[in-house]
Amino acid sequence: MIRWARHEDLAGLADLERAADGMFADVGIVFPPGTMIEECDDPGRVIVAGRPPVGFAMLGHVDDCVHLDQLAVDPEHGRRGIGTRLLDAVCEAAAALAPAVTLTTFRDVPWNAPWYARRGFAVLPPEQWGPELAALVEHERALGIELAPRVVMRKELWPREGH
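In the UniProt record's numbering, the protein residues as written are 1 to 163.
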């Protein structure tokens with residue numbers, strides 16, 4: 001069941017995010033301490049899968065787009081389509097608000113950029129980043145998240161003007 005989070009859902013999501021992040025150790029990526037979800041106190045920014053949640057997507061707004069701040073699925077529930085259903089829900093919700101969804105992700109990790117590309121996202125070159133997106137990428141670098149090559153990706157939800 002995919003649904004918007006409630007306040008009581010938020011408390012358990014940090015452990016879920018840490019478990020999902022642990023999968024990156026297998027490809028040599030170890031994140032700095034802390035989680036993205038710990039910075040969120042607004043359930044209106046979070047879509048969850050399950051009760052209790054076994055996955056979540058955290059949304060933000062960057063430039064004129066909805067930005068996928070985080071997508072995490074408990075590894076014990078992986079490879080069952082939960083991530084895809086969460087991403088579909090993100091895009092459905094975003095379509096009422098913005099022309100596109102953006103995200104930052106690891107270029108060469110199979111369940112990152114290649115996975116998003118199969119779901120309609122395309123790499124967005126730096127010259128097409130807005131000022132907020134450029135600042136976000138710099139902020140991630142300062143936090144130490146760029147542990148392997150990263151890319152910005154975008155999925156169009158509305159037709160682009162002039163295309």
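Note that beta-carbon positions come from the ideal geometry of N, C-alpha and C, so glycine has one too.
This structure is a prediction, so every number in the text was calculated from the model and none was measured.
#1: Name the two residues that bound the continuous beta strand (DSSP E) containing Ile2.
#2: If you run the structure through DSSP and keep just helix, strand and coil, what is Thr84?
#3: Do the region 18-32 and the region 115-130 touch if we need at least three Cβ pairs shorter than 8 Å?
#4: Using the Cα positions of Asp64 and Glu76, report the straight-line distance between them to the nearest angstrom.
#5: Keeping to the same chain, check which residues put their C-beta closer than 7 Å to that of Asp21; ignore five residues upstream and five downstream.
#6: Can the beta-carbon of Arg154 be found less than 8 Å from the beta-carbon of Ala113?
#7: Using the three-state DSSP reduction, which class does residue 241 fall into: helix, strand or coil?
#8: If you draw a straight line from the alpha carbon of Pro125 to that of Gly50, how long is it in whole angstroms?
#9: Output yes or no for whether 8 Å exceeds the beta carbon distance between Leu59 and Asp69.
#10: Taking the continuous alpha helix (DSSP H) assigned at Glu156, which residues delimit it?
#11: Spatial neighbours of Leu97 within its chain, please: C-beta separation below 7 Å, excluding the five flanking residues on both sides.
#12: Which of helix, strand or coil does DSSP assign to Leu124?
#13: Tell me whether Asp41 sits in a helix, a strand or coil according to DSSP, three-state version.
#14: Among the candidates Gly81, Leu10, Ala11, Trp129, whose CA atom is the shortest distance from the CA of Thr104?
#15: Checking the sheet assignment: what are the DSSP bridge partners for Val46?
The short version:
#1: Looking up residue 2 in the sequence shown gives position 2. That run of the beta strand (DSSP E) goes 2-4.
#2: Position 84 of the sequence shown holds residue 84. Helix at Thr84.
#3: no
#4: As a first step, residue 64 must be located in the sequence shown, where it is residue number 64. As a first step, residue 76 must be located in the sequence shown, where it is residue number 76. Answer to the nearest angstrom: the Cα atoms are 35 Å apart.
#5: Reading the sequence shown from its first residue, position 21 is the one you call residue 21. Contacts found: Phe31.
#6: Within the sequence shown, the letter at position 154 stands for residue 154. Within the sequence shown, the letter at position 113 stands for residue 113. No. Outside cutoff.
#7: Nothing can be reported for residue 241, as the shown portion of the chain is limited to 1 through 163.
#8: Position 125 of the sequence shown, counting from 1, holds the residue named residue 125. Position 50 of the sequence shown, counting from 1, holds the residue named residue 50. Going from the Cα of Pro125 to the Cα of Gly50 covers about 35 Å.
#9: On the sequence shown, residue 59 is found 59 positions in, with the first residue counted as 1. On the sequence shown, residue 69 is found 69 positions in, with the first residue counted as 1. Yes; because the gap between Cβ atoms is below 8 Å, this pair is in contact.
#10: Taking the sequence shown and counting its residues from 1, the one referred to as residue 156 is at position 156. No alpha helix (DSSP H) contains Glu156, which is instead part of the beta strand (DSSP E) from 150-156.
#11: For the purposes of this step, residue 97 is taken as the residue at position 97 of the sequence shown. Within the same chain, Leu97 has close Cβ partners Val66.
#12: As a working note, residue 124 is residue 124 in the sequence shown. Leu124: coil per DSSP, three-state reduction.
#13: Locating residue 41 in the sequence shown gives position 41, counting from the first residue. Asp41 falls in the coil class under three-state DSSP.
#14: If you number the sequence shown from 1, residue 104 lands on position 104. It is Trp129.
#15: Counting from one through the sequence shown, the residue named residue 46 turns up at place 46. The partner list for Val46 (beta bridge, DSSP) reads Met58.
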